[in-house]
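Line by line, the protein sequences give chains A and B.
Straight run, no breaks: the first sequence in our numbering ends on number 131.
Straight run, no breaks: the second sequence in our numbering ends on number 649.
Read the structure below first, then the notes.
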Amino acid sequence: MNVENTKAQMRKGVLEYCILSTLSRGEAYPTDIIDSLKDAKLIVVEGTLYPLLTRLKNSGYLTYRWEESRSGPPRKYYKLTTVGQKFLKELDDTWDELALAVKKTTSKNP
Amino acid sequence: MKKTVTANISGTVFHIEEDAFLRLGRYLDSIRAKFNGTDGREEIMADIEARIAELFQQRLEGRNVVSIADVEHVIGIMGQPEDYAGDEGAGAGGGPIGGDPTRASKRLFRDPDDRWVGGVLSGLGAYIKMDALWVRIIFIVLLFPMSFGTLAFVYILMWILVPRADSAADRLQMRGEAVNVDNIKRVFEEGGERFKRGAEQMAKEAQDLGKEWEPKAKAWGHEAAQTARRTGRNVGSVLGKVFGIFFILSGIGILMVLLSGAVGLSAASWTGSWAGGNTDSLDLGGLLFASSAHAIWVVVAGFLLLAIPVIGLLIAGFHLLMNTRTPRWLGWSLCLIWLAALITAITLGVGLGTDFRQRARNRTEAPIMQPTGKVMHLAMHQQPEESWSYGWTFDHNGFDWRDEGLQIKDGQVNGWWAECDVERSPDTLYHLVVQREARGMGNTVAATRAEHITYTYAQQGDTLLLSPILNFPQADKFRGQWVRFILQVPAGGAVHLNEGTQHIIDDIDNVTDTWDSEMVGRTWTMTGRGLEDLDTTTIHNNSRDSEMQRREEEQRIYEQHQRMDSLRTKRVAAIVFRGPAPKKLKASGSVVCHPERVSERRISPQSTTSSKRDASSGTPKHDSARADGDDNASSTEEPFAFRMPNLLNIMPYLR
């Protein structure tokens, strides 16, 4: 057990939720997602995003389409599937419960 | 001045400085290694490469060449390989997309960065795209069954001949893609010169190696102690590792047994012997299958069918023990090889079974002279030799193990499994009927094979000598060839079974249901009820108590010896002696058998088949003449399987 590892684990847990949340606002390609996640300091290096996206896509929560880019390789634009939306809804609820629970247990005054 | 390399990254062409190119290639390789065994690895790699290409484009801003600083910058953004946690539990799917930037002609090198001894195996691993660990494991596993020296010699030769990957470019080429014939050719062409230089270099390297291993061994000891302590804390992982070790050990054990079995079998085909002293397993295989080669294929297929699951066990063991990931191609190719072995085995097995489908029976009458006295003596034509003796000691202890006697000699197969039965004659004469049968794909083939069988019998005065050995051409294969002599005894006539005939008589019906081996050495008369030993019935008839005892004894023996193929309803008829007063039937004494002086008659297929083939249909039904005829019927219709040599019983037998 070390602090870095625990931090990384906590981040990793919410990362999928955040990716889905980002995509619930509309189609996006990885760099968009990276930017929003970087702003929120959720990820430090970009490489970690790609395995997650592929996993979510393979699980049926995401789909993508190719779009030509003027400056560079064609881009994958990801969006939520209906299954993904349902999944996100569940995660929303879970997150609310979790946030409440954490708040309850960690608040100083009983 | 710096050399540049042109690389295609995700569809865009970049000029990259050589060192930067190598750095990027190594980076991508190590990331790829991180996702080893993850589903959708190629897709993830393609995404990452696309992103790298995008980042390069953003960063270059009109510049032409990617430098090492650019690569380091991009790696900083993308993250070090350590940041890419192996993506456990990934879903299925993900097709391979994307190009490989490290496309280069491939050469075999020794890897100085990842070596245990000379770096030969890790270099080989890089060449065949296999983790060096696996190459080493395979090498060590192979080291034992193959003679230690051969493989060690090959290793040293490779150490000398294969160049060390010294420059970075070499290392890249070591992992390149295309297998280049030129390079292999070059290795041989330059072999002579290289050998001299290589040997010198090897000597130096070996010297350094000694110094190098000393601290390494210490480090290992330390590491091992740490591992032991770490695993001690976690019972679950310890259990997993115990299972892993168990899997590995048992896997290696079974593999050894299989290998030694295969080696032993092939060795037996060269030097060893089978039952007949000069019948080897290869001939025996050729006797069953279309050729010896087919038999070898069956053995190879069988070996693979057994060995591959064992290799699976080994892989599982290593996974449990060291959490190694199996390269996917290994699993696939093992599966494919196993399926191929299965198909081979099934194809050959079905082919063999098909050739056993039809049974043909050929009934002929062999000419004999009528005995001058009232008794025909039955004797063995050949006493069993030493080499035949194995097997028939169990003669009546379950199966017909006598089928072990099998010998291949001069294109002829000699089999020790002809049998003899005694029946009631349809007329007042003694007859010797010979029943030959064989199997084949069709009736014609089977009939031809049956006709090819030769058998031997001879007559010396009142003694009929029968040989338990039948012959058939080796080209006919073993297809259930079988001979049954049937001695037909007229009513009132008698047969004396000489000593030794217990090896040829088979399930002779008699009134007292006496067991074959107990019938030998006695004279049996064909009375109205069937074969009876008049001596015994008379003696026992004198005392009712002893008759009861005898019957109980017989019942006991019967149950003891109950054979699988003669489970018919037993009839213990009340024995009431009616008939002439007993007379000494053994007065003539036993005939001494001198096979070499006996006038011998060997029936060849040509002389018998044409004239006697119709004899079976011409022979009148004689069962109706018997009071208990139905009791007799089963003897000729015994299931075939019991007559096949026990070795062949295991073959799939399709009806």
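All C-beta atoms in this analysis are idealised placements derived from N, C-alpha and C, irrespective of residue type, glycine included.
Residues that residue i bridges to, as DSSP identifies them
| i | result |
| --- | --- |
| residue 650/B | What the structure shows of chain B is the stretch from -5 to 649, and residue 650/B is not part of that stretch, so it cannot be assessed. |
| residue 414/B | 479/B, 499/B |
| residue 1/B | 8/B |
| residue 429/B | 357/B, 478/B |
| residue 526/B | 519/B |
| residue 76/B | Beta-bridge pairing links residue 76/B to no other residue. |
| residue 133/A | Residue 133/A lies beyond the residue range present for chain A, which begins at 22 and ends at 131; the question has no answer from this structure. |
| residue 159/B | Paired residue(s): none; residue 159/B is not in a bridge. |
| residue 70/A | According to DSSP, which records beta bridges pairwise, residue 70/A is partnered with nothing at all. |
| residue 653/B | Shown here, chain B extends from -5 to 649; a query on residue 653/B therefore has no answer. |
| residue 374/B | 460/B |
| residue 255/B | Per DSSP, none; premise fails for residue 255/B. |
| residue 52/B | DSSP output for residue 52/B lists no bridge partner at all. |
| residue 220/B | Looking at the DSSP assignment, residue 220/B forms no beta bridge with any residue, so it has no partner. |
| residue 434/B | 352/B |
Proximal residues to residue i (C-beta, below 6 Å), its chain only, five neighbours per side dropped
| i | result |
| --- | --- |
| residue 241/B | 307, 310, 311 |
| residue 525/B | 504, 518 |
| residue 567/B | Interpretation of residue 567/B is limited by its pLDDT of 34, a score under 50 that renders its predicted location unreliable; the figure taken from the coordinates is listed afterwards. Counting only Cβ-Cβ distances below 6 Å, and skipping sequence neighbours, we find nothing. |
Candidates the options, of which the one nearest residue i by Cα
| i | options | result |
| --- | --- | --- |
| residue 514/B | 526/B, 349/B, 16/B, 493/B | 493/B |
| residue 287/B | 322/B, 237/B, 342/B | 342/B |
| residue 440/B | 235/B, 107/B, 352/B | 352/B |
| residue 118/B | 107/B, 110/B, 102/B | 102/B |
| residue 109/A | 46/A, 97/A, 122/A, 127/A | 46/A |
| residue 94/A | 32/B, 4/B, 121/B, 115/B | 4/B |
| residue 458/B | 472/B, 475/B, 444/B, 425/B | 425/B |
| residue 463/B | 148/B, 524/B, 375/B | 375/B |
| residue 433/B | 326/B, 282/B, 474/B, 298/B | 474/B |
| residue 373/B | 360/B, 460/B, 450/B | 460/B |
| residue 516/B | 529/B, 505/B, 303/B, 524/B | 529/B |
| residue 401/B | 109/B, 281/B, 149/B | 281/B |
| residue 651/B | 155/B, 250/B, 71/B | Residue 651/B is absent from the model: chain B starts at -5 and stops at 649. |
| residue 196/B | 237/B, 152/B, 209/B, 212/B | 152/B |
| residue 42/A | 111/A, 125/A, 25/A | 111/A |
| residue 550/B | 521/B, 508/B, 525/B, -1/B | 508/B |
| residue 65/B | 121/B, 19/B, 408/B | 19/B |
Below-9 Å beta-carbon distance, residue i vs any chain B residue
| i | result |
| --- | --- |
| residue 133/A | Nothing about residue 133/A can be reported from this structure: the residues present for chain A run from 22 to 131 only. |
| residue 93/A | yes |
| residue 65/A | yes |
| residue 103/A | no |
| residue 128/A | no |
| residue 112/A | no |
| residue 75/A | yes |
| residue 38/A | no |
| residue 34/A | no |
| residue 90/A | yes |
| residue 23/A | no |
| residue 69/A | yes |
| residue 52/A | yes |
Own chain partners of residue i with C-beta closer than 8 Å, once the 5 adjacent residues on each side are dropped
| i | result |
| --- | --- |
| residue 27/B | 75 |
| residue 198/B | none |
| residue 145/B | 133, 136, 137 |
| residue 421/B | 484 |
Same chain, Cβ closer than 7 Å to residue i, neighbours up to 5 away in sequence not counted
| i | result |
| --- | --- |
| residue 1/B | 8, 10, 15, 95 |
| residue 423/B | 364, 484 |
Short CB-CB distance (under 9 Å) between residue i and chain A
| i | result |
| --- | --- |
| residue 322/B | no |
| residue 349/B | no |
| residue 34/B | yes |
| residue 86/B | For residue 86/B, the predicted structure reports a pLDDT of 31, less than 50, and the residue's modelled location is therefore unreliable. A value from the coordinates is still provided. Residue 86/B counts as touching chain A. |
| residue 81/B | Residue confidence is low: residue 81/B scores 41 on pLDDT, short of 50, so the model does not pin down where it sits. Its coordinate-derived value is still stated next. Closer than 9 Å: yes. |
| residue 63/B | no |
| residue 94/B | A caution first: residue 94/B carries a pLDDT of 35, below 50, which makes its placement in the model unreliable, though a value can still be read off. So no, residue 94/B is outside the interface. |
| residue 241/B | no |
| residue 78/B | yes |
| residue 220/B | no |
| residue 27/B | no |
| residue 90/B | Since pLDDT at residue 90/B reaches only 31, below the 50 mark, its modelled position is unreliable, and the value read off the structure follows with that caveat. No, residue 90/B does not count as interfacial toward chain A. |
| residue 56/B | no |
| residue 213/B | no |
request  = Select from the region 0 to 22 of chain B all residues with a C-beta closer than 7 Å to any C-beta belonging to chain C, and list them in chain order.
outcome  = Here the protein chains are A and B, and chain C is not one of them.
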